[in-house]
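Going by this note's numbering, the sequence shown opens with residue 2, and the numbers climb by one from there.
Cβ atoms here follow ideal geometry from the backbone N, Cα and C, with glycine treated the same way.
Taking it in order: structure first as structure tokens, then the write-up.
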Amino acid sequence: MKFFIDTANLDQIREAQDLGVLDGVTTNPSLMAKEGITGRNNILKHYVAICNIVDGDVSAEVIATDFEGMVREGEELAELHEQIVVKVPMIKEGVKAIKYFSDRGIRTNCTLVFSPGQALLAAKAGATYVSPFIGRLDDISTDGLNLIAEIRLIYDNYGYDTQILAASVRHTMHVIECAKLGADVMTGPLSSIEGLLNHPLTDIGLAKFLADYKKGN
Ligand code: E4P
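This is how it looks when you write it as structure tokens:
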């Protein structure tokens, strides 16, 4: 399972990269705004800065919602760096754009996916990644993890190559459940990755080992 971090914060990206288990980064316009990154040039520079920290894929989202605009922006983003994956929303024009990019070897991440039907369309259009937002489904009392299971079943039935990128992961249990369900990738905050480290018996065991060592040394 690949681990992506869902942030535009360079310090957090560095911290995850330093842990040695990071496979990529996802961003979105809200995450960029949260870091105060505004203006086209600054945004493009920020994507390059992220690519220079991590070894893996970096999702950069288009703002346009019409086909021509998405193609224009997506091609500009893809040319920025070989690690860039163009993030395209699950709307009609977005599906057309994903097909356009996929026919030209430009990798895509279909975002804002909330149903199996949307995921099927993304795969048929040739998306590299599909991003079902599990946390936001949980927020409206709908089982987000069930969507991962449904998409896994559909993709396996037909052998689609599109990777299931479990997005809107909020905590460590989401990560574990997504791994059990066979999501190819998860993207979440640093805390969802670092939370995997924690077990009280590890802390108690280590304290005991160190105390016993100190007795004889
Ligand atoms: C996905 O790529 C999105 O950036 C993200 O996972 C959304 O997460 P949120 O629902 O926590 O904002």
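- Per-residue DSSP class, three states only, for Glu74: Collapsing the DSSP output to three states places Glu74 in a helix.
- Any chance the CB of Val170 is under 8 Å from a heavy atom of ligand 1? For ligand 1, a non-hydrogen atom lies closer than 8 Å to the CB of Val170.
- Query: According to the Cβ coordinates, are Ile165 and Ala184 closer than 9 Å?
  - Reply: Contact flag set, yes.
- Tell me, please, whether the segment 153-163 touches the segment 115-132 by the rule of three or more beta-carbon pairs shorter than 8 Å. The segment 153-163 is in contact with the segment 115-132.
- Task: For Ile64, count neighbouring C-beta atoms within 10 Å of its own C-beta (all shown protein chains included) and say buried if the count is 16 or more, exposed if not.
- Result: Result: exposed.
- To the nearest angstrom, how far is it from the Cα of Phe5 to the Cα of Gly217? Distance between the alpha carbons of Phe5 and Gly217: 44 Å.
- So Gly106 and Asp58 are in contact, right, with Cβ under 8 Å, and what is the actual spacing, rounded? With a Cβ gap of about 14 Å, Gly106 and Asp58 do not count as contacting.
- Task: Express the C-alpha separation of Ile44 and Ile152 in angstroms, rounding to a whole number.
- Result: When rounded, the distance between both Cα atoms is 32 Å.
- Message: Taking DSSP's pairing of strands, which residues face Phe4 in a bridge?
- Response: Answer by DSSP bridge pairing, in chain order: Met187.
- Query: Can Arg137 be considered in contact with ligand 1, in the sense that its beta carbon sits closer than 8 Å to one or more heavy atoms?
  - Reply: For ligand 1, a non-hydrogen atom lies closer than 8 Å to the CB of Arg137.
- Query: So Phe115 and Leu138 are in contact, right, with Cβ under 8 Å, and what is the actual spacing, rounded?
  - Reply: Contact between Phe115 and Leu138 holds: their C-beta atoms lie close to 6 Å from each other, under 8 Å.
- Task: May I ask you to report which of helix, strand or coil DSSP gives Ser60?
- Result: Here Ser60 sits in strand by DSSP.
- From the DSSP output, in three-state form, read off Thr109 for me. DSSP places Thr109 in strand when its eight states are reduced to three.
- Measure from the alpha carbon of Ala123 to the alpha carbon of each residue in Leu154, Val89, Ile194, then state which is nearest. Nearest neighbour of Ala123 by Cα position, chosen from Leu154, Val89, Ile194, turns out to be Val89.
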